[in-house]
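To start, the structure under review is shown below, and the notes come after it.
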Amino acid sequence: MKLPDTAEIVIIGGGIIGTACAYFLAEKGREVILLEKNDLAAGASGACDEGIILSSKNPGIHLKLARKSKKIYQKINRRFEEDLEFQESGGMILIEEESQLSILKDFVFRKKEEGLDISLIKRKKLKNYSRILPAIWWEQFIVKKTPKLIP
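Sequential numbering of the sequence shown, starting at 18, is according to my numbering.
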């Protein structure tokens, strides 16, 4: 493929940051060229964890960015007709010792104050885990590593 002699914007690197910048700049009508010596997302972007757990973020910029990321993935998933294998899910921490319960009750309280959907699940609701003490559930989202989502 022959590259043009000039471009308004040249982005070097086809990882998650480079491809996201190219995508959003092109969406705003900018002329963008993305240069990558290997396959897109072939480095760290394709090898990292496949999800963001909102409850693991402290209040402030990290939680704000995680929430914004969730909205961006939701928007991209709605925009394309093809299934991008974006999944929204939850997670659970099983409490195995009574001493953990007060710590995690405080954790649930703080995360609720931050606006997260998190709750303590009583033992009787965990029918399949009769030997285990209560658990907590938190809101998160999972993005599966898939060629469909990697540009």
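Glycine included, every Cβ here is placed at the ideal spot set by N, Cα and C.
I'd like to confirm the pairing. Which residues does DSSP put opposite residue i in its beta bridges?
i: Ser116; result: Paired residue(s): none; Ser116 is not in a bridge.
Does DSSP classify residue i as helix, strand or coil?
i: Asp22; result: coil
i: Leu42; result: helix
i: Leu137; result: strand
i: Leu52; result: strand
i: Tyr146; result: At Tyr146 the pLDDT is 49, less than 50, meaning the model places this residue with poor confidence; the figure from the coordinates comes in the next sentence. If DSSP states are grouped into helix, strand and coil, Tyr146 belongs with the helices.
i: Gly31; result: coil
i: Lys74; result: coil
i: Gly60; result: coil
i: Arg127; result: helix
Could you say which of the options lies nearest to residue i if we only look at CA atoms?
i: Asp134; options: Asp123, Lys141, Trp155; result: Trp155
i: Lys128; options: Leu80, Glu98, Gly30; result: Leu80
i: Asn40; options: Arg96, Ser119, Glu102; result: Rather than Asn, the amino acid found at residue 40 in this sequence is Tyr. Out of Arg96, Ser119, Glu102, Arg96 has the C-alpha closest to the C-alpha of Tyr40.
i: Lys74; options: Ala83, Gly68, Glu67; result: Ala83
i: Gly108; options: Asn55, Ala43, Ile50, Leu71; result: Leu71
i: Ile110; options: Asn55, Val125, Ile28, Ala37; result: Val125
i: Glu131; options: Gly77, Lys54, Ile50, Lys85; result: Gly77
i: Thr23; options: Glu44, Glu48, Glu115; result: Glu48
i: Gly46; options: Ile29, Glu25, Ala61; result: Glu25
i: Ala61; options: Leu52, Gly35, Leu42, Asn94; result: Gly35
Go to residue i, then tell me how far its alpha helix (DSSP H) extends in each direction, as first and last residue.
i: Leu80; result: 78-96
Span of the beta strand (DSSP E) holding residue i?
i: Leu111; result: 103-111
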